[in-house]
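Position 190, counted from 1, in the sequence shown is what UniProt numbering calls 190; the numbers after and before it change by one each time, with no gaps. Each residue gets a CB set at the ideal place from its N, CA and C atoms; glycine is no exception. Input: a single structure, listed below in structure tokens.
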Amino acid sequence: MEKRQLLYEGKAKRLYSTNEEGILWLEYKDSATAFNGEKKASIEGKGQLNNHITSLLFEKLKAEGIDSHFVQKLSDHEQLVRHVEIIPIEVVVRNVVAGTLAKRIGLEEGQPLKHTIVEWYYKDDELGDPLINEDHISILSLAKPEELTVLKEKALEINSILTRFFNEIGVDLIDFKLEFGRGKDGSILLADEISPDTCRLWDSKTKEKLDKDVFRRDLGSLTDAYQTVFTRLGGVSS
Ligand code: C5P
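Following this line, the structure appears as structure tokens:
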């Protein structure tokens, strides 16, 4: 497999075409950003840890019947993925109050929710990824109503599976963000990444934060926190 042209560069990843139809080459960068790019840093080892953790979680999800764009891990910071048309909606799933939910509705961070919440955000950097509802999604033609039903069902199923995985390693899954894409045959596939950059993960006993809040809130070493997650998931660095 050959890496060819750079197709897209985001805040944390670069995407290249390959010599194989429908297969892309994804590179994880060491950059960390928060607050829609206002806070930035380069953190050595971060891209590698996110690549390892995402690969491991996508493989675990696949074993439970959840298909994703993930094909294989190529190296410490690279993956092959299937080409999908990304649906410009960030799907956020919440089990416990934290982050913007605490600010928006005035509940205390750490309070378990009566039931899981699924939220839609418009994936648009210039607008700062605003929270949107199903009417906004329809007006903007971001997804069809039947696709939203699939996104919500898949997000809740992924939440059940991941909550169980993380519980087994003494980690609470507080909330996380998913992205989905449309495959050539119209199927909806999980895409992007699932890592401590996109999840809130707290140690079940101490409630220590093991996710990007360490960077957002200057709580210590981000790579130590991410390495803890990777090691507990059974990962071994190559
Ligand atoms: O900031 P907020 O509380 O809305 O984030 C909810 C969850 O979604 C967190 O786990 C956060 O890391 C993730 N998220 C993300 N990318 C965004 C916004 C939120 O991964 N652009």
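Do residue 200 and residue 158 have their C-beta atoms within less than 8 Å of each other?
The answer is no: Cβ separation not under 8 Å.
Coarse secondary structure for residue 117, derived from DSSP in three states:
DSSP places residue 117 in strand when its eight states are reduced to three.
Are there 16 or more other CB atoms within 10 angstroms of the CB of residue 140, so buried, or fewer, so exposed?
Exposed, by the Cβ-count rule.
Determine the burial state of residue 194: buried for a count of at least 16 other Cβ atoms within 10 Å of its Cβ, exposed for fewer.
Counting the other CB atoms within 10 Å of its CB gives residue 194 a total of 16 or more, which places it among the buried residues.
Applying the criterion that 16 or more other CB atoms from any shown protein chain within 10 Å of the CB defines a buried residue, is residue 248 buried or exposed?
With the chain covering only 1 through 238, there is no way to say anything about residue 248.
Would you call the CB atoms of residue 147 and residue 121 closer than 8 Å?
Here residue 147 is not near residue 121, since their CB atoms are 8 Å or more apart.
Would you mind working out which of 107, 189, 27 sits nearest residue 178, comparing C-alpha positions?
Residue 178 has its Cα closest to that of 189, out of 107, 189, 27.
The ligand C5P and residue 92: does any heavy atom of the ligand fall closer than 7 Å to the residue's C-beta?
Under cutoff, so the answer is yes.
Just reading off the alpha helix (DSSP H) that residue 138 is part of, what are its end residues?
Residue 138: member of the alpha helix (DSSP H) spanning 134-139, first to last residue.
Cβ-based neighbour list, residue 230, same chain, cut-off 7 Å, excluding 5 preceding and 5 following
Within the same chain, residue 230 has close Cβ partners 49, 52, 53.
For residue 84, which residues from the same chain have a beta carbon less than 7 Å from its beta carbon, with the 5 sequence-adjacent residues on both sides left out?
69, 181, 182, 183, 189, 191, listed in sequence order.
Quick check: the Cα distance between residue 78 and residue 28, rounded to an integer number of angstroms?
Spanning the two alpha carbons is a distance of roughly 6 Å.
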